[in-house]
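Numbering (our numbering), first residue to last: 4 to 238.
Next up, the structure:
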C-alpha cells in the first residue's frame with residue numbers, strides 16, 4: 004500500500020471511530036477527499052484505493068482533471084462560485100457546497116433548468132460575519148429559505164460553513180453546533196428534511212462529526228501539504 008492509500012485508510016478509521024463515539028452510523032457520514040492542486044495521476048491513487056468522492060475549488064482544475072479520471076467518481080464544487088462560472092461548473096460537478104447569496108441561488112436555479120440539470124446544493128453560511136468569506140447571514144437565510152425550498156432545479160441538501168480560524172479543534176465546536184441548530188430550526192419551520200451538514204476539515208472533522216456533520220472535507224491528511232497550482236500545463 005502506498006503512502007496516500009495508507010493515509011486514506013487512517014482517515015477512514017478516524018472517521019469511523021469518531022462516528023461510533025458519537026453514537027452515529029459511520030455510513031451516514033461522507034468523506035470528501037479535497038483534491039485541489041493535485042494532478043489526476045495523484046488523485047487516481049485515492050480512486051484506485053476505492054474512494055469515489057472528491058472536492059475541487061477551482062473550475063480551471065476541474066475542467067482538466069475530471070475528464071481525465073474515471074466517470075464513476077462524484078465531484079463536489081467547494082470553492083467560491085461566481086455567476087459567470089455557473090454554466091461551466093454545473094455540468095462537471097454533482098454537488099455545489101457554496102451557494103452563498105440569494106442572487107447566486109436564483110441564477111443557479113435558472114441555469115440548471117436551461118441545462119436540464121438538478122444539482123445537489125448546500126447553502127453557505129458566514130456565521131462569523133467575516134469580511135473575507137462569502138455566505139448568507141442567519142437572518143438572510145431565515146428570510147429566503149421558503150423561496151430556496153421551492154426552486155425546482157436545485158436539490159437543497161442542507162447547510163455548509165467554514166468556521167473562523169481557531170487555535171484548537173475544540174474551539175470550532177460552537178460554530179458547528181450553531182449550524183446544526185439552524186438546520187434543525189429550518190427543518191421544523193419549512194416542514195422539509197434538510198439532512199446535510201457540510202462542515203469539518205482535516206484538523207477538526209472529528210469535532211464536526213460529534214456535532215452532526217454529514218460531509219467532511221479532508222485533503223492534507225491524505226495527500227500531505229498542498230502544492231501550488233501552476234496551471235493546466237503542470238498536469
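Beta carbons: idealized from backbone N, C-alpha and C, even for Gly.
3 or more residues per run - each beta strand (DSSP E) lying fully within the segment 19-58: 33-37
Coil, strand or helix - residue 233 by DSSP: Taking the chain shown and counting its residues from 1, the one referred to as residue 233 is at position 230. Note on residue 233: pLDDT 47, under 50, position unreliable in the model; no value is reported.
Residue 159 - partner residues in DSSP beta bridges: Translated into the one-based positions of the chain shown, residue 159 becomes position 156. 124, per the DSSP bridge assignment.
From 89, 97, 90 and 85, residue whose alpha carbon lies closest to that of residue 78: Taking the first residue of the chain shown as position 1, residue 78 is located at position 75. Nearest C-alpha to residue 78: 97.
Endpoints, beta strand (DSSP E) assigned at residue 200: As a first step, residue 200 is located in the chain shown; it is residue number 197 there, counting from the start. Here the beta strand (DSSP E) through residue 200 covers 199-201.
CA nearest to the CA of residue 169, picked from 206, 140 and 52: Indexing the chain shown from 1 puts residue 169 at position 166. Closest by alpha carbon: 206.
Other residues of its chain near residue 114: CB distance less than 6 Å, five sequence neighbours each side excluded: To locate residue 114, count along the chain shown from 1; it is residue 111. These residues qualify, in order along the chain: 89 and 90.
Own chain residues within Cβ distance below 8 Å of residue 193, not counting five before or after: If you number the chain shown from 1, residue 193 lands on position 190. Same-chain partners within the cutoff: 148, 149 and 152.
From 46, 181 and 81, residue whose alpha carbon lies closest to that of residue 73: Counting from one through the chain shown, the residue named residue 73 turns up at place 70. Considering only alpha carbons, the answer is 46.
Cβ neighbours of residue 92 in the same chain (closer than 6 Å, five flanking residues each side left out): For the purposes of this step, residue 92 is taken as residue 89 along the chain shown, with counting starting at 1. Scanning its chain for C-beta atoms nearer than 6 Å, with the 5 sequence neighbours on each side dropped, one finds around residue 92 the residues 62 and 80, in chain order.
Residue 212 versus 144, 172, 141 and 195, residue with shortest Cα-Cα distance: The residue you call residue 212 lines up with position 209 of the chain shown. Measuring from the Cα of residue 212, the nearest candidate turns out to be 172.
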